[in-house]
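Remarks on the structure that follows.
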Amino acid sequence: MPGSLPFSCALITSGGGGIGKALASYLINTHKIKVLLAGRTESTLSASAREIGAAGYYVLDVGDTASIAPFVAQITAEHPELDCLINNADGNDSSTAAATINVSSVLGFVPFSIVNPIYNGTKAWLHKAWLHFWSMNLRTQLRATGVAVFEIAPPTVATDLHRERADPDYNNKNKNPGALSVCEFADGVGKRLVAGEDTIGGDMNMDVVERGYVFFPVKWETL
Ligand SMILES: NC(=O)c1ccc[n+]([C@@H]2O[C@H](COP(=O)([O-])OP(=O)(O)OC[C@H]3O[C@@H](n4cnc5c(N)ncnc54)[C@H](OP(=O)(O)O)[C@@H]3O)[C@@H](O)[C@H]2O)c1
């Protein structure tokens, strides 16, 4: 479906694996979007770019804040056609592309207590909820500019995210039947992006995202 999304060239941070790679593959194969990957490990990026047909990759650690400005200067000079930033890594900054897509978490909406209170406390209220509120504010701030701001709030998706947990396979389908595969997740997100939804929970937890808005009588960034 080329042309059905409001951008044609996307940069995906943390694009070498997991959700980022799955979204990249979906955009390339379903929408013929030109995709550039960024991540920390060159061998992973190079193998993933080759496998999914990405147009290129950049070695970038988003936690190394000093490297962000030179990176932005480099990539915008090399790819002036870049018009979408997918902030998928666990650190985020804003952009002036035609579209910004922030990957937050369902834990930014509702404090599930399925993992542990410390994790939920940090992810839900400090980090992912911040990303949710930042996305709403960015959408308001950029409304007059034509830059669209999307937020993707994943449910549990089977990636290597839990590699340092006692049970690294916790988010795999055989351990957690509610988990989505990366392909199921990317397909579900894709349908909602095409439909023009700006806050996307993935097929299985949109109701949770909607319930998060119960705290506000309306989606107040649209006021
Ligand atoms: N999977 C889930 O169930 C789930 C649920 C809710 C939210 N999320 C969010 O979705 C996003 C992606 O998660 P994921 O599950 O795909 O994780 P993942 O499987 O751990 O993938 C992480 C990717 O990010 C790269 N990366 C890690 N740190 C980075 C950094 N500082 N700078 C640049 N790249 C970095 C890694 O490559 P290198 O190590 O080579 O850089 C790897 O390719 C995260 O923001 C996560 O919090 C995931």
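Taken in order, the sequence shown gives residues 1 to 223; the numbers are from UniProt numbering. Backbone N, C-alpha and C define an ideal beta-carbon position, used for all residues, glycine too.
When DSSP states are grouped into helix, strand and coil, N137 belongs to the helix group.
The secondary-structure analysis by DSSP pairs C9 across a beta bridge with K34. Per DSSP, the beta bridge partners of A148 are A99.
Cα atoms of G201 and H162: separation of roughly 20 Å, rounded to the nearest angstrom. Straight across, the Cα-Cα distance linking H79 with T13 is about 15 Å.
Per DSSP, L23 has no beta-bridge partner at all. For D83, the number of other beta carbons within 10 angstroms of its own is at least 16, and it is reported as buried. In the three-state scheme derived from DSSP, where H, G and I count as helix and E and B as strand, L161 is classed as coil. Residue A38 holds the alpha-carbon nearest to the alpha-carbon of G18 among A38, P6, C9. The stretch 166-181 makes no contact with the stretch 129-144; the number of CB pairs closer than 8 Å stays below 3. For V35, the CB stays at least 7 Å from every heavy atom of ligand 1.
A heavy atom of ligand 1 is found nearer than 7 Å to the CB of T13.
A straight line joining the alpha-carbon of A69 with that of F150 spans about 23 Å. Looking at the DSSP output, V59 bridges to G39. A straight line joining the alpha-carbon of T199 with that of V103 spans about 10 Å. The three-state secondary structure of N172, taken from DSSP, is coil.
For L193, the uninterrupted alpha helix (DSSP H) segment begins and ends at 182-194. No heavy atom of ligand 1 is found nearer than 7 Å to the CB of L85. Taking 8 Å as the cut-off, the beta carbon of A77 is found no closer than this to the beta carbon of F7.
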